[in-house]
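The block underneath contains the structure these notes are about, expressed in structure tokens.
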Amino acid sequence: MKRMLAASLLLALSLVAPLGVLAAAEEPTVYVIQKGDTLWGLSERFLKDPYYWPNLWARNPAIGNPHFIYPGQRVRVYPDRIEIEPRMPATPEAAPSPRPSEEPVAERSFLVSGSEGYLVEKGFKPAGRIITTSQNRVIVGEDDIVYVDIGADQGARVGDRFSVYKKLDAVSHPVTNVILGEKMIPLGTLQLTEVEGKASKAIVTKSYQEIGPGSLILPWRDKRRLVPLKAAQQDMDGFIVDSQGGNKAISEGDLVFIDLGKSQGAQPGYLFYVLRDVVPDQQYADISVKKLPPEVIGALVVVASGETTSTALVVKSIDTIYRGDRVEVRAAR
């Protein structure tokens, strides 16, 4: 099962290759999947790299479940990659297929809205905070007026923009219990409209969640961006330490935090697959069976990396993902 799962994922991950040009003259080998084929096996057979499959899984909508590929599916095998051939609906008189374009084909990218959170280490200091709101409201939203404790004395000017955050409880490692940092969750943005010496008036320009007195502010920067997949430069193993929303059950589209950052080599664009260990049932397994291959239950892409932790987007899930599940990436062989 792991091998089939891994094969699917590897086929998915294999498409995470450096940006390049698909040459029109590059003729692929077309292979029709047979009964018993796995992504792992195809990657090993054609590319001599069984770890290629997770890249392929993430990049191909045609592969919903990494456990299975189906007889009759066609794949195009190039010297450095494998592509799933999309199934086209039959037409009475199909027009001749155009020759492949010689223009560069962009690698798959993931759109990040800029509302992702991150973990900060002890001693982190914000630029300031909201000290009160118009009419002393406890909760404010877009277009409401707030007051912040930074002003001309700190270099603030009318028109300056800030991101608004709230800091939550510390996040501990699910295995070692070591504190990794405190969770910073984005709430929205604001812009200064009147500036005094030590305080300023501002308007909330965007709100993702409830904003109120005590909310922290940091200098604004546009964090909306496309995060392209790219091949990892080294093998890495880690854990999911928390989800941004704090939900116990994690699924596709959720943001999570992992215990790998810049110091461990993690970079935005790295695609990790999520693993869950399988425990043998000793009632039926031979006593010598101590370990089984883990199941691949999902994939995630790093969208922002700190020094020792990273924020990642879950891009595939075939089972519920939980805090403490393992993550793994393998360097291109």
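Heads up: the sequence shown runs through residues -23 to -1, 1 to 310, numbered per mature numbering (1 follows the signal peptide of the UniProt record, and there is no 0). Backbone N, C-alpha and C define an ideal beta-carbon position, used for all residues, glycine too. Bear in mind the structure is a predicted one, so any value in this text is a computation, not a measurement.
So what does Val291 bridge to, in DSSP terms? Leu277
Please classify Ala209 as buried or exposed, where buried requires at least 16 other C-beta atoms within 10 Å of its C-beta. buried
May I have the straight-line CA-CA distance separating Val135 from Leu167, to the nearest angstrom? 12 Å
Uninterrupted beta strand (DSSP E) stretches inside the segment 89 to 152 (no shorter than 3 residues): 95 to 97, 105 to 110, 122 to 125, 138 to 149, all fully within the segment 89 to 152.
Quick one: what does DSSP say Leu167 is sitting in, helix, strand or coil? strand
Just to confirm before moving on: does the CB-CB distance between Val306 and Met213 stay below 7 Å? Result yes, Cβ atoms of Val306 and Met213 sit closer than 7 Å.
Any idea which residues DSSP pairs Lys183 with across the strands? Lys183 is bridged to Thr166.
Please work out which residues of its chain come closer than 6 Å, Cβ to Cβ, to Ala71, disregarding the five sequence neighbours upstream and downstream, and give them in chain order. Residue placement at Ala71 cannot be trusted, given a pLDDT of 42 that sits under 50; what the coordinates show is reported in the next sentence. None.
Using a Cβ-Cβ cut-off of 7 Å (strictly less than) and excluding sequence neighbours within five positions of Gln244, which residues of its own chain qualify? Val279, Ser282
Taking the alpha-carbon positions, what's the Gly191 to Thr109 distance? 8 Å
At a cut of 8 Å, does the segment 111 to 121 reach the segment 46 to 55 through at least three beta carbon pairs? no
Near Gln131, which residues of its chain fall below 7 Å by C-beta distance, leaving aside the five closest residues on each side in sequence? none
Taking all protein chains shown into account, decide if Pro274 is buried (16 or more other Cβ within 10 angstroms of its Cβ) or exposed. Going by the sequence as given, residue 274 is Ile instead of Pro. Its Cβ being crowded by 16 or more others within 10 Å, Ile274 is buried.
So, is Ile298 buried or exposed, given that buried needs 16 or more other C-beta atoms within 10 angstroms? The residue is buried, with at least 16 neighbouring Cβ atoms inside 10 Å.
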